[in-house]
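Participant: Taken in order, these protein sequences are the chains called A and B. Heads up, the first sequence is in our numbering, so the first residue is 314 and it goes up one at a time. Heads up, the second sequence is in our numbering, so the first residue is -8 and it goes up one at a time. Note that CB positions come from ideal geometry on N, CA and C, so glycine has one too. Can you read through this structure? Questions will come right after.
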Amino acid sequence: MSKSKRTGGRGPARDVVLGMERLLVGYGEPVCAPVTVDVARGEALCLVGANGAGKSTVLRAVAGLLEPLDGTVRLHGEPVDERSVRFRREVACVFDEDAWFAELSVAEHLELVARGHGVRDVVAVVDAELEAQRLTDAADQLPTSLSSGQKRRLLLAAALVRPRSVLLLDEPEQRLDPTGREALADRLLAERDAGTALVLATHDVVLLRRLATRAVVVDDTGGDGGTCRVVDADEAARIVSDPVR
Amino acid sequence: MSVPDLHDGREDGRGPGADLVGPLADQPYPTRRELVDEAAPSRAARGLRATVVDTYTTLLQVGIAFLLLLGGSGSLRNALRAGLSASGGGPGWTAQTSAVLTAVGLSVSFVAFGLAVWCRLGPVSLGTAPTTWWTPLPVDRAALLRPVVRNRALGSALAGGLFTAWATSVAFGVAGQLSGSLAAAGLGGGFAVGAGLAGAGYLLVVRPAIRSGVPALLRAGRVLDAVGVAVVVLLAVSAAVGMAVDAVQPGAVLVPAAVVAAGALVVVVLAGRSALAQAGDIPSPSLRRGASRLERLTSSVLQFDVREMGRAIAADSRGRVRRRRRFPRVTGPVSAVVAADVLLLRRQPRRLVTAGVLVLVPFVLAAGTSAHRAVAALLLWLAGYAAATTLSEPARSLALVPAAARTLPIAASTVVAVRWIPVAVLSTLWGALAYPLAVTASGLLHGESLGAAWWSWSLLGALAGPGFAAAALRGAVRPDPDLSRPVISTAMGAVPPGAAAAVTTGPDLAVLVSVPVLLATLARGAFDWLLLGQLLASAAAVGIGWAYAAHRARKVS
């Protein structure tokens, strides 16, 4: 990956996948300043900010799960509609919610998701993902019986056993052990370098430094033009490490 | 910090040699009474006037409900009597005995299913807040739990007694020649037997809760479920083979009933003493589980949400491991959703069993009571919607976990239509069996001619199946009740219109689906024009159900 792309890719090669234009989110009242930013293939945009700043709310609006108060979110230039086939085919979400079919085991859920997306050689793909997420021993368990960290890894596995062009993750490092965090960073880095556009909310400085091409500082103060500031990864890491400053 | 021994006989929970640190470490623990006295003033803000008004309102509503129930029973009795006369049998002791046996069987089944629900809920529990508050405290639990045991035993007895008395009154009314005193004796006997069985059964169910814990309770629940199903099947088989019932004089019925009631009373006394004495020994996991389930059930009742109510009283999932299955035939999102739904039904066989039992219930009721043929249509409406509802759990889970469907590349509006498919297939089979069975007792099934042959009614039922599935789909994705709208005052008390709208969403479509069978019973045959009508009614129901579900999916998703 070239440095120019790593830092935001200002060259003509940028292939913008997801764009937010003065996106204002909240529940009746805005929770943060509007967000204007776009994400191209092979980029990772991190949302940083204090607890309750509105990172997850922005992410839910990007995923089409929350109607914006104002502004737009576009996928390949078209307004997002999470109910559409195209959106569901291209965008994989890892949010903090149960997203599995009742009465299906871990392996069965992954297999159905993969087959539903037309993946070939499903068994090998699923087994490899189970191994990568250290879920092989839990393959036959119901997701409801997993620990919180295992559930988190299952959600990630379900997003990774299927094709996608955009990956939305809400604090994916939460509830993972140190080994799991390390593996997560490696995996998402490989994902970014393979050309997926990543948008993730995170508090993890290591993940931020390794992964982010840019970051949005989500708060209610607004920066230039009254929108949330867009900063580079190093600045974002400094903000996360020392939020008071 | 050492853990206080809760069973050392001291209410402050301090065993000999307890070595505690922290607040109160050098003082005696407050007793339960002291804690209650401290908390009581903040919870006793209600004045005498409010209490009197509430009591008056409750008594008035219960009284009106009871009178309405009696009125309904009278109408039903008249309908049954009319059906019996129309069938040419005429009132008599044989018919009455058959009806009473049916009433007894259904009462036993009712009590068994009710006790099974207690097993799954946890027969003894407090609410979540009291459980969270009291159980970690080193106070005497028995004093907290004894009233629960006593009240629930009484409540169970009351429910069992009322149901049995009601069923007996309907059954006795079939003959229509009973004197007032005999009818009163039958009612009283029915109440005593039902109350005794239900009360004794509850107290027996408390025993495994005290001694063996949750797994034993769940096993007992499965046994009781099996008893309830077996009774219904037995009644169906006896009706199907046309088992002759010898006339039994009322006096002969009352003696065994008295023996059963006396036996139940003995069990109530013995098991009751034991349960009250050991109520404090119920383990915490059982209390916590019961509190959680009870809260879920209570909130679902308050919200008029029968979907959540069903989940609250449903049996526990079997274990946490599933034998891995492959899905070689799944080649896309549609087949993936269908495969997931079919597998859910295979792994929750109780849903299939329930639907199977519901095939028999209209038949048993119609055959056992010689009901008017129009009653068969009513029973088919209720049973058909209930069967489709129990089979539509995958669609219900759509509203509960919309994120699962979002993982597949399938439009939200398509998902609801796809989830209708397995339910429609099974409901079609259900209708093909239940319809001809239910009308057998009404003499509407004879010969091979169009309209009267088995296949005519079977086809009518099969055509109704997809419609019932659409009605269940509509009910599965309906919104939560809107309790913000102003209530309407009625003779039954205040009715929240938003809740009423939510509760009727689903059954209303089943009414449309059931119109042809009602006409068929009145016309004495499932003629071709009625088959066409059923086809149109089901098509309309499917159209409405899909459109509504797709509309809701846009909001749910």
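Using CA atoms only, rank isn't needed, just tell me which of 547/A, 482/A, 457/A is closest to residue 528/A.
Facilitator: Among 547/A, 482/A, 457/A, the Cα nearest to that of residue 528/A belongs to 547/A.
Participant: Any beta-carbon of chain A closer than 8 Å to the one on residue 388/B?
Facilitator: Yes, residue 388/B lies at the interface with chain A (some Cβ there is under 8 Å from its Cβ).
Participant: Compare the C-beta of residue 426/A with all C-beta atoms of chain B and state if any pair is closer than 8 Å.
Facilitator: Taking Cβ atoms only, chain B reaches closer than 8 Å to residue 426/A, which makes this a yes.
Participant: When the cut-off is 8 Å and only beta carbons count, does residue 409/B lie next to chain A?
Facilitator: No - not a single Cβ of chain A is within 8 Å of the one on residue 409/B.
Participant: Do residue 507/B and residue 429/B have their CB atoms nearer than 8 Å?
Facilitator: Result no, Cβ atoms of residue 507/B and residue 429/B do not sit closer than 8 Å.
Participant: Does DSSP classify residue 345/B as helix, strand or coil?
Facilitator: Reduced to three states, the DSSP call for residue 345/B is helix.
Participant: Tell me which same chain residues have a C-beta within less than 8 Å of the C-beta of residue 333/B, skipping the five on either side of it?
Facilitator: Result list for residue 333/B: 413, in chain order.
Participant: With a threshold of 8 Å between beta carbons, is residue 559/A in contact with chain B?
Facilitator: The structure shown does not extend to residue 559/A, since chain A is modelled only from 314 through 558, so no value can be given for it.
Participant: How is residue 35/B classed by DSSP in three states: helix, strand or coil?
Facilitator: In this prediction, residue 35/B scores a pLDDT of 48, lower than 50, which makes its location untrustworthy; the coordinate-derived value is nonetheless stated afterwards. Of the three classes helix, strand and coil, the one that applies to residue 35/B here is coil, per DSSP.
Participant: Enumerate in chain order the residues of its own chain whose CB-to-CB distance from residue 497/A is below 8 Å, with the five nearest sequence positions on each side excluded.
Facilitator: Counting only Cβ-Cβ distances below 8 Å, and skipping sequence neighbours, we find 469, 485, 486, 489, 520.
Participant: Who are the neighbours of residue 256/B on chain D, taking C-beta pairs under 9 Å?
Facilitator: Considering every chain present, this structure includes no chain D. Its protein chains are A and B.
Participant: Taking 8 Å as the threshold (C-beta atoms), are residue 336/A and residue 393/A in contact?
Facilitator: Cβ atoms of residue 393/A and residue 336/A: not closer than 8 Å.
Participant: Below 7 Å on C-beta distance, what does residue 398/B contact in chain A?
Facilitator: Result: 412, 426, 471.
Participant: List, in chain order, every chain A residue whose beta-carbon is nearer than 7 Å to that of residue 324/B.
Facilitator: Those are 429, listed as they occur along chain A.
Participant: May I have the straight-line CA-CA distance separating residue 553/A from residue 494/A, to the nearest angstrom?
Facilitator: One C-alpha to the other measures close to 17 Å.
Participant: Quick one: which chain A residues come within Cβ less than 8 Å of residue 315/B?
Facilitator: Correct list: 418, 420, 421, 452, 453.
Participant: In the DSSP output, which residue or residues are listed as bridge partners for residue 391/A?
Facilitator: Per DSSP, 388/A.
Participant: Between which residues of its own chain and residue 288/B is the CB-CB distance below 6 Å, once the five residues before and five after are set aside?
Facilitator: The answer, listed in chain order, is 303.
Participant: Among 331/B, 120/B, 301/B, 313/B, which residue has its Cα nearest to the Cα of residue 320/B?
Facilitator: Cα-wise, what sits closest to residue 320/B is 331/B.
Participant: For residue 551/A, verify whether its CB is less than 7 Å away from any heavy atom of the ligand SAH.
Facilitator: Ligands are entirely absent from the displayed structure, and the ligand SAH is therefore not among its contents.
Participant: Give me the subset of the segment 323 to 342 of chain B whose CB atoms are less than 7 Å from a CB atom of chain A, sorted by chain position.
Facilitator: Those would be 323, 324, 327, 330, 331, 334, 335, 338, 339, in chain order.
Participant: What number of angstroms, rounded off, separates the C-alpha of residue 452/A from the C-alpha of residue 420/A?
Facilitator: In a straight line, the C-alpha of residue 452/A is about 5 Å away from that of residue 420/A.
Participant: Should the segment 454 to 465 of chain B be called in touch with the segment 492 to 501 of chain B, which here means at least 3 C-beta pairs below 8 Å?
Facilitator: Output reads yes: the segment 492 to 501 of chain B touches the segment 454 to 465 of chain B.
Participant: How about residue 114/B and residue 200/B: do their beta carbons lie closer than 8 Å?
Facilitator: Cβ distance < 8 Å, so residue 114/B and residue 200/B count as in contact.
Participant: Sort 533/A, 432/A, 516/A by Cα distance to residue 549/A and report the nearest one.
Facilitator: That would be 516/A, whose Cα lies nearest to the Cα of residue 549/A.
Participant: So, is residue 221/B buried or exposed, given that buried needs 16 or more other C-beta atoms within 10 angstroms?
Facilitator: Under this definition residue 221/B is an exposed residue.
Participant: I'd like to check one pair, residue 521/B with residue 441/B: are the Cβ atoms closer than 8 Å?
Facilitator: Cβ atoms of residue 441/B and residue 521/B: not closer than 8 Å.
Participant: Using DSSP bridges, identify the partner residues of residue 446/A.
Facilitator: DSSP, once it has assigned bridges, lists no residue as partnering residue 446/A.
Participant: Name, please, each residue of chain A whose Cβ falls closer than 7 Å to the Cβ of residue 402/B.
Facilitator: Correct list: 396, 397, 398.
Participant: 8 Å is my cut-off, CB to CB: does residue 154/B come that close to chain A?
Facilitator: It does not; no Cβ of chain A falls within 8 Å.
Participant: Go ahead and label residue 400/B buried or exposed: buried means 16 or more other beta carbons lie within 10 angstroms of its beta carbon, across all protein chains shown.
Facilitator: So residue 400/B counts as buried.
Participant: Residue 384/A and residue 531/A: beta carbons closer than 8 Å?
Facilitator: In this structure, residue 531/A does not lie closer than 8 Å to residue 384/A by Cβ.
Participant: Take residue 509/A and list the residues in its own chain whose beta-carbon comes closer than 6 Å to its own, dropping the five residues that flank it on each side.
Facilitator: Contacts found: 480.
Participant: Report the residues of the segment 546 to 557 of chain A with a CB closer than 7 Å to any CB of chain B, ordered along the chain.
Facilitator: Those would be none; no residue qualifies.
Participant: Do we get a CB-CB distance below 8 Å when we pair residue 540/B with the residues of chain A?
Facilitator: Closer than 8 Å: no.
Participant: Alpha carbon to alpha carbon, how far is residue 403/A from residue 329/A? Give it in angstroms, no decimals.
Facilitator: Rounded to whole angstroms, residue 329/A to residue 403/A spans 14 Å at the Cα level.
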